[in-house]
Amino acid sequence: MVRDTLTRRNFLRASLLSSAGAAAALPSSAEKAEAAGRFSPQPPEKARLRLEVVRTLANPVIGPNNPDTHDIPGGFETGNTLKFTIDGRTEYHMIMTTMETTRAAKWTHLRMEHWVSADGLEWRRGRILHRPQVDPETGLWTMTSSQFPYFDRARDRWVIYYNFNALNGVRNWTLPCLLKMVEARNKGLGGINGEFNFPGAEVARSGYAHPTDADSSSLSTPFRAANGRWMAFLGGGPKPLNPQSGRWWVSLVSAPGPQGPFRYEPSYSPVPVMEPIGYVENPLPMKLRGPRTGREYWAIMFDYLRPEVKEGKNSTVGFSFSYDGLSWPKEHGQIVDINAGLRPGEAGWWRVVRTPHQLIHEGEGTYTCFFTGLYRDAFFAVGKMSVNLVEEVNS
Numbered sequence: 003m004v005r006d007t008l009t010r011r012n013f014l015r016a017s018l019l020s021s022a023g024a025a026a027a028l029p030s031s032a033e034k035a036e037a038a039g040r041f042s043p044q045p046p047e048k049a050r051l052r053l054e055v056v057r058t059l060a061n062p063v064i065g066p067n068n069p070d071t072h073d074i075p076g077g078f079e080t081g082n083t084l085k086f087t088i089d090g091r092t093e094y095h096m097i098m099t100t101m102e103t104t105r106a107a108k109w110t111h112l113r114m115e116h117w118v119s120a121d122g123l124e125w126r127r128g129r130i131l132h133r134p135q136v137d138p139e140t141g142l143w144t145m146t147s148s149q150f151p152y153f154d155r156a157r158d159r160w161v162i163y164y165n166f167n168a169l170n171g172v173r174n175w176t177l178p179c180l181l182k183m184v185e186a187r188n189k190g191l192g193g194i195n196g197e198f199n200f201p202g203a204e205v206a207r208s209g210y211a212h213p214t215d216a217d218s219s220s221l222s223t224p225f226r227a228a229n230g231r232w233m234a235f236l237g238g239g240p241k242p243l244n245p246q247s248g249r250w251w252v253s254l255v256s257a258p259g260p261q262g263p264f265r266y267e268p269s270y271s272p273v274p275v276m277e278p279i280g281y282v283e284n285p286l287p288m289k290l291r292g293p294r295t296g297r298e299y300w301a302i303m304f305d306y307l308r309p310e311v312k313e314g315k316n317s318t319v320g321f322s323f324s325y326d327g328l329s330w331p332k333e334h335g336q337i338v339d340i341n342a343g344l345r346p347g348e349a350g351w352w353r354v355v356r357t358p359h360q361l362i363h364e365g366e367g368t369y370t371c372f373f374t375g376l377y378r379d380a381f382f383a384v385g386k387m388s389v390n391l392v393e394e395v396n397s
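If you count by our numbering, then the sequence shown holds residues 3 to 397, one letter each, in order.
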């Protein structure tokens, strides 16, 4: 049985029983070629991608001993990390949910924060982007979560896709959410270090991006599929979307461009991703280049919830790939065990692994993946693993 105090999954499951993150944020060469109509996405027919865990740090890179966590005793949850260069300085930038409260009340005071690191090991808080607060006009209690940053090159501006709760009083985060996009006040890559124009615009409206009776919870960063269409993953649960979806489901939605509005696509609702279906949350899209063929694939990292929901513990995350960004066959899904990167005699710091971030290419075929998990004293910490991308090509 799942422990009641562990995760939001348990809170949502209890609520259900009682009531019945791009393409990488910076476009790759393949995306630029797609825009010019030059990119052919078809790799060798039997080519496959998989991840091989190389190293997982036995201790968190952001834990309760970091001085900047003194006012977030619940720690960290959903978000994403990107690595890029501003004015000659290359750093990791993490946009995350943080929790001002803990244990049974941990979902009542959710922040959005920006954290920065030069090496991925030593982290500091850059800025608090949004605090939980009473809206002065409506009197509603407002919070944010599931925030995923994206640099819109066409407009030279950072945006963040996130979910927004406006509740009748201080209480736990709940579903459905409003799915919004907020823009940086300042243009350019450096705009990520400044303020954002909250609350932003709703870009995946109920009744247009998903049925009005769907428990929507997140919208990924957008990406261009092989046919040139802009797509994003919309997720929800634990109430099923339809009889085929399972409880924690994702769909593909389409839009004219990164600013939306995103539209429901019946033929991509749901997207299976894994077998058994119904345990996928927060897919983070990106482009990966096959190390053997040099071809580029669409890929996702995601929360694989089944062990957490069924057993109350988890050391795994999910990975999958697509040849065109539209078809995500169940057989492409991979369960990645973070424990595989521990050295002999080491014990991992996590009790329950939660949310993986997208892969960050570090050169020579090695990628970094940050992730969150339940640590100790109800604090959700941030960990780090390194993986190799393996491309298998059968003749």
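The beta carbon of each residue, even a glycine, is placed where N, CA and C say it ideally should be.
Tell me, which residues are paired with Ile337 by DSSP? Gly320
By the DSSP assignment, the beta strand (DSSP E) with Glu393 in it spans what residues? Phe382 to Glu394
Leu286, buried or exposed, once every other Cβ within 10 Å from all chains shown has been counted against 16: buried
What does DSSP give as the partner residues of Cys179 in its beta bridges? None, per the DSSP bridge assignment.
Determine the closest residue to Pro274 out of Met387, Gly314 and Phe321, with distance taken between C-alpha atoms. Phe321
Assuming Phe382 and Phe150 make a contact with CB atoms under 8 angstroms, what is their CB distance in whole Å? Wrong, their Cβ atoms sit about 18 angstroms apart, outside the cutoff.
Selection from Gln360, Leu254, Gly292 and His359 that minimises the alpha carbon distance to Arg52: Gly292
For Asn390 and Glu54, the rounded distance between their alpha carbons: 5 angstroms
Is the beta carbon of Gly128 closer than 8 angstroms to that of Glu102? no
Compare the Cα-Cα distances from Ala228 to each of Gly81, Ala342, Tyr306 and Ser329 and report the closest residue. Ser329
Just the Cα atoms here: how many angstroms apart are Ala32 and Val136? Reliability fails at Ala32, whose pLDDT of 40 lies under 50, so the model's placement of it is uncertain and the value that follows must be treated cautiously. So the alpha carbons of these two residues sit roughly 44 angstroms apart.
Can you determine whether any heavy atom of the ligand HEM sits closer than 7 angstroms to the C-beta of Val389, and answer yes or no? Among the components of this structure there are no ligands whatsoever, and the ligand HEM is therefore not found.
Contacts around Ala203, its chain only, beta-carbon distance under 7 angstroms, and the 5 residues preceding and following it disregarded: Lys182 and Met183
Hey, how far is the Cα of Arg113 from the Cα of Arg294? 42 angstroms
Considering only the alpha carbon of each residue, which of Arg207, Thr144, Val205 and Arg187 lies closest to Phe198? Arg187
Nearest to Lys189 by alpha carbon, out of Asn170, Asp217, Arg378 and Ala156? Ala156
Do you know offhand how far Thr214's Cα is from Ser208's? 5 angstroms
Suppose you measure from the CA of Glu267 to the CA of Ser256; what does that come to, to the nearest Å? 7 angstroms
Same chain, Cβ closer than 6 angstroms to Trp300, five either side skipped, listed in chain order: Ser324 and Gly327
Do Ser269 and Gly238 have their C-beta atoms closer together than 8 angstroms? no
With a cut-off of 8 angstroms, do at least 3 Cβ pairs link the region 369–385 to the region 351–361? yes
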